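Participant: Here's a structure for you.
Protein chains: 2
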Amino acid sequence: MKIQPLLDYIRNFVELTEKEEAFLTSKVSYRKYLKGQFVIQQGDVCKYECFVISGCTKTYFVDEEGQEHIIMFSVENWWTSDIGSFITQTPADLNVQCLENTELIMFSHDDIEDLYAEIPKLERLFRLIVERALVASQKRIIRNFSLSAKDRYLFFRNQYPLIEQRIPQYMIASYLGITKEFLSKIKSQLILEQ
Amino acid sequence: MKIQPLLDYIRNFVELTEKEEAFLTSKVSYRKYLKGQFVIQQGDVCKYECFVISGCTKTYFVDEEGQEHIIMFSVENWWTSDIGSFITQTPADLNVQCLENTELIMFSHDDIEDLYAEIPKLERLFRLIVERALVASQKRIIRNFSLSAKDRYLFFRNQYPLIEQRIPQYMIASYLGITKEFLSKIKSQLILEQ
DNA sequence: AAATGATGTTAATCTAGATTAACATTTACT
DNA sequence: AGTAAATGTTAATCTAGATTAACATCATTT
């Protein structure tokens, strides 16, 4: 089990003793997925919150017209889950699929209460993580309202230059909330502008 | 200080002893604002997370073109704040303004660490609250991507029937991310359809 | 009651981005 | 290497929603 990246990540938020790290390690699981496999499927109850050790996932949902909408990409040192389904233990409306072979550390819903009970600092850890996620989500709503598609693309490219390399353009278009054709148009405009 | 609604609200998440309730009460402040007053202004560092006892606020930001975008409304038993500014203690990019005379219970950034230290259950409380807020925010992103303006309006009207009565239409349009003229058009369409 | 400002409506015109469809390029498999 | 599948591009046409502007209604103050 490759858990060191998670322990390093946690150190940014709270200090754990060696014993606590060992307890945490005993309570999480490690799993490899192949490209194309699903970590969560729409309709399942989401049992895990997952930390990405390596690889890349997309989180998306399929609307009534069958259109796929990508909500987020998760790469190394990010989280992936349908947090709504996880916290309420009701069927997920999101899918998480691996875009590359992916290694995950998984926090099970059944074990996470034990973890909080044994290591109260983890309650703080997850509060801090979720707070940051909430801020990012709110800022994304703001951007979606106030920026044009072109400016949203430039923001994405600027904020996640490495992710753009790893992912097909049509998925980036879906993440930005536009069609692949329009993203293609934006890119050719940008080339002309330079 | 009217604090009972907050204590009742907290009871939905965690159980506090009387001593803990008293300590919490000693660490928060209570304030009345008049209609039109600002709880937070863009550029200030947000010092408080606020629980609404009565009244109503709008949280919005002003983009580069001077356009106002409403992010949320907060009424009784909701929270209001620029959480991004609060947690990082950097200048707010949001404004919170009272749409009615409003009573708030305010958690100060300086005191909240004392509260967590004295009552670890509050760490859990805020984790749970922030988790719910994150889920709501993600679902809103999904709706904004996948629903038409008309369907977003219907969803809003359905989910917050009481809020709609209290707030001018042009602010609801701003919350939905459309112009007031287009909302007016949607409403007259809906009347014709019946 | 008149006047002022805030809120809401209607209609004409405009535009960012969607849709469709045909084609080009890259990647992966036999 | 050759073929099929996945990904990307271009251009023509279409549409949801924006913009502008004129007018209507409601609330508040004097």
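Quick note, the sequences are listed as chains A and B, same order.
Under our numbering, the first residue of the first sequence carries the number 725, and numbering increases by one thereafter.
Under our numbering, the first residue of the second sequence carries the number 725, and numbering increases by one thereafter.
All C-beta atoms in this analysis are idealised placements derived from N, C-alpha and C, irrespective of residue type, glycine included.
This one's a predicted model, so the numbers in the text were calculated from it and none came from an experiment.
List, in order along the chain, the chain A residues whose C-beta lies closer than 8 Å to that of B/LEU858?
Facilitator: Within the second sequence, numbered from 1, the residue matching residue 858 of chain B stands at position 134. Chain A residues near B/LEU858: ILE807, VAL854, ALA857, LEU858 and SER861.
Participant: Given a cut-off of 9 Å on the beta-carbon distance, is the pair B/PHE747 and B/GLU855 in contact?
Facilitator: Counting from one through the second sequence, the residue named residue 747 of chain B turns up at place 23. Counting from one through the second sequence, the residue named residue 855 of chain B turns up at place 131. No, these two residues do not count as a Cβ contact at 9 Å.
Participant: The beta strand (DSSP E) spanning B/SER805 covers which residue range?
Facilitator: For the purposes of this step, residue 805 of chain B is taken as the residue at position 81 of the second sequence. Where B/SER805 is concerned, there is no enclosing beta strand (DSSP E), given that its DSSP letter is neither H nor E.
Participant: When DSSP builds the beta bridges, which residues end up paired with B/CYS822?
Facilitator: Counting from 1 along the second sequence, the entry for residue 822 of chain B is found at position 98. DSSP lists B/THR781 as partners of B/CYS822.
Participant: Quick one: what's got a C-beta closer than 6 Å to A/GLY767's C-beta in the same chain, skipping five residues either side?
Facilitator: As a working note, residue 767 of chain A is residue 43 in the first sequence. Cβ neighbours of A/GLY767 beyond the five flanking positions: PRO815.
Participant: Out of A/LYS911, A/ILE887, A/GLY901 and A/ILE915, which has the shortest C-alpha to C-alpha gap to A/THR781?
Facilitator: Working through the first sequence from its first residue, we reach residue 781 of chain A at position 57. With distances taken between Cα atoms, A/THR781 lies closest to A/ILE887.
Participant: For a contact defined as C-beta to C-beta under 7 Å, what are the partners of A/ARG851 on chain B?
Facilitator: Position 127 of the first sequence, counted from the start, is the residue given in the question as residue 851 of chain A. In chain order: GLU847, PHE850, ARG851 and VAL854.
Participant: Which residue wins for smallest C-alpha separation from A/GLU927, given the options B/LEU871, B/GLU824, B/LEU846 and B/LEU907?
Facilitator: This structure gives no information on residue 927 of chain A, because the portion of chain A shown stretches from 725 to 918.
Participant: Taking any Cβ of chain B, which residues in the region 868-881 of chain A have a Cβ under 7 Å from it, in chain order?
Facilitator: Those residues of the region 868-881 of chain A that come within reach of chain B (Cβ to Cβ, closer than 7 Å) are ASN868, PHE869 and SER870.
Participant: The region 747-771 of chain B: which residues have C-beta closer than 7 Å to a C-beta of chain A, in chain order?
Facilitator: Per Cβ criterion, the list is empty.
Participant: Quick one: any contact between the region 806-820 of chain B and the region 858-873 of chain A, if contact means 3 or more CB pairs under 8 Å?
Facilitator: Counting Cβ pairs under 8 Å, three or more are found: they touch.
Participant: Just the chain A side, please: which residues come within less than 8 Å of B/PRO844 by C-beta, in chain order?
Facilitator: In the second sequence, the residue the question calls residue 844 of chain B occupies position 120. Going along chain A in sequence order, the residues near B/PRO844 (Cβ under 8 Å) are PRO844 and GLU847.
Participant: Going by beta-carbon coordinates alone, are B/TYR784 and B/ILE795 separated by less than 9 Å?
Facilitator: Translated into the one-based positions of the second sequence, residue 784 of chain B becomes position 60. Translated into the one-based positions of the second sequence, residue 795 of chain B becomes position 71. Yes.
Participant: Out of B/ASN736, B/GLU827 and B/ASN882, point me to the one whose CA is closest to B/PHE762's CA.
Facilitator: If you number the second sequence from 1, residue 762 of chain B lands on position 38. Nearest C-alpha to B/PHE762: B/GLU827.
Participant: Shorter than 9 Å from the beta carbon of A/ILE777 to some beta carbon of chain B?
Facilitator: Residue 777 of chain A sits at position 53 when you count from the first residue of the first sequence. No, because no Cβ of chain B sits closer than 9 Å to the Cβ of A/ILE777.
Participant: Should B/GLU837 go down as buried or exposed, given a rule of 16 or more other Cβ atoms within 10 Å for buried?
Facilitator: Position 113 of the second sequence, counted from the first residue, corresponds to residue 837 of chain B. Burial call: exposed.
Participant: What would DSSP say about B/MET717, mapped onto helix, strand or coil?
Facilitator: Nothing in the structure corresponds to residue 717 of chain B, since chain B is present only between 725 and 918.
Participant: Quick check on A/ILE910 - is its C-beta less than 9 Å from some C-beta in chain B?
Facilitator: On the first sequence, residue 910 of chain A is found 186 positions in, with the first residue counted as 1. Output row for A/ILE910: interface = no.
Participant: Along chain A, in chain order, which residues have C-beta atoms closer than 9 Å to that of B/ILE866?
Facilitator: Mapped onto the second sequence, residue 866 of chain B falls at position 142. The answer, in chain order, is PHE785, ASP787, HIS793, ILE795, ASP817 and LEU818.
Participant: In chain order, what residues of the same chain lie with their CB nearer than 7 Å to the CB of B/ILE902, ignoring the 5 residues before and after it?
Facilitator: Position 178 of the second sequence, counting from 1, holds the residue named residue 902 of chain B. Closer than 7 Å at Cβ, skipping near neighbours: ALA873.
Participant: Could you work out which residues of chain A lie near B/ILE836, taking near to mean beta carbons separated by less than 8 Å?
Facilitator: Against the second sequence, residue 836 of chain B aligns to sequence position 112. The premise fails here: B/ILE836 is roughly 11 Å from chain A at the closest Cβ pair, so nothing lies under 8 Å.
Participant: Would a check of beta-carbon distances place B/TYR884 closer than 9 Å to chain A?
Facilitator: Along the second sequence, one-based indexing puts residue 884 of chain B at 160. Judged by the 9 Å Cβ criterion, B/TYR884 is not in contact with chain A.
Participant: Taking the alpha carbon of A/GLU847 as the point to measure from, which residue in A/LYS759, A/ASN819 and A/LEU740 has its own alpha carbon closest?
Facilitator: Here residue 847 of chain A corresponds to residue number 123 of the first sequence, with the count starting at 1. Per the Cα distances, A/LEU740.
Participant: Could you spell out where the alpha helix (DSSP H) holding B/SER898 opens and where it closes?
Facilitator: Working through the second sequence from its first residue, we reach residue 898 of chain B at position 174. It spans 893-900 - the alpha helix (DSSP H) in which B/SER898 sits, taken as one unbroken run.
Participant: Go ahead and label B/GLY790 buried or exposed: buried means 16 or more other beta carbons lie within 10 angstroms of its beta carbon, across all protein chains shown.
Facilitator: To locate residue 790 of chain B, count along the second sequence from 1; it is residue 66. B/GLY790 comes out exposed.
Participant: Shorter than 9 Å from the beta carbon of A/GLY790 to some beta carbon of chain B?
Facilitator: Position 66 of the first sequence, counted from the first residue, corresponds to residue 790 of chain A. A/GLY790 does not count as touching chain B.
Participant: Is the beta carbon of B/GLN893 less than 9 Å from the beta carbon of B/LEU907?
Facilitator: Taking the first residue of the second sequence as 1, we reach residue 893 of chain B at position 169. Taking the first residue of the second sequence as 1, we reach residue 907 of chain B at position 183. For B/GLN893 and B/LEU907, yes; Cβs fall inside 9 Å.
Participant: Would you check whether the ligand GTP has a heavy atom nearer than 8 Å to the C-beta of A/SER750?
Facilitator: As presented, the structure is devoid of all ligands, the ligand GTP included, so that no description of it is given.
Participant: Would you decide whether B/LYS845 is buried or exposed? Buried here means 16 or more other CB atoms lie within 10 Å of its CB.
Facilitator: Indexing the second sequence from 1 puts residue 845 of chain B at position 121. Under this definition B/LYS845 is a buried residue.
Participant: Should A/ASN882 go down as buried or exposed, given a rule of 16 or more other Cβ atoms within 10 Å for buried?
Facilitator: Position 158 of the first sequence, counted from the start, is the residue given in the question as residue 882 of chain A. Counting Cβ neighbours within 10 Å, A/ASN882 comes out exposed, since fewer than 16 surround it.
Participant: Counting only Cβ pairs nearer than 9 Å, list the residues of chain A close to B/ILE891.
Facilitator: Here residue 891 of chain B refers to the residue found at position 167 when the second sequence is read from its first residue. Within chain A, no residue comes near B/ILE891; the closest Cβ sits about 18 Å away, beyond 9 Å.
Participant: Does B/TYR733 have its Cβ less than 9 Å from a Cβ in chain A?
Facilitator: Mapped onto the second sequence, residue 733 of chain B falls at position 9. No, no contact with chain A.
Participant: Cβ of A/THR741 less than 9 Å from any chain B Cβ?
Facilitator: Counting from 1 along the first sequence, the entry for residue 741 of chain A is found at position 17. Cβ-Cβ to chain B under 9 Å: no for A/THR741.
Participant: For A/ILE795, name the three-state secondary structure that DSSP assigns.
Facilitator: Counting from one through the first sequence, the residue named residue 795 of chain A turns up at place 71. Strand, per DSSP.
Participant: Considering only residues of the region 824-904 of chain A, which uninterrupted alpha helix (DSSP H) runs meet the minimum length of 4 residues and lie entirely inside it, listed in chain order?
Facilitator: You should have 833-842, 845-870, 873-883, 885-890 and 893-900.
Participant: In three-state terms, what does DSSP make of A/LYS756?
Facilitator: On the first sequence, position 32 is the one that residue 756 of chain A refers to. Note: A/LYS756 maps to strand in three-state DSSP.
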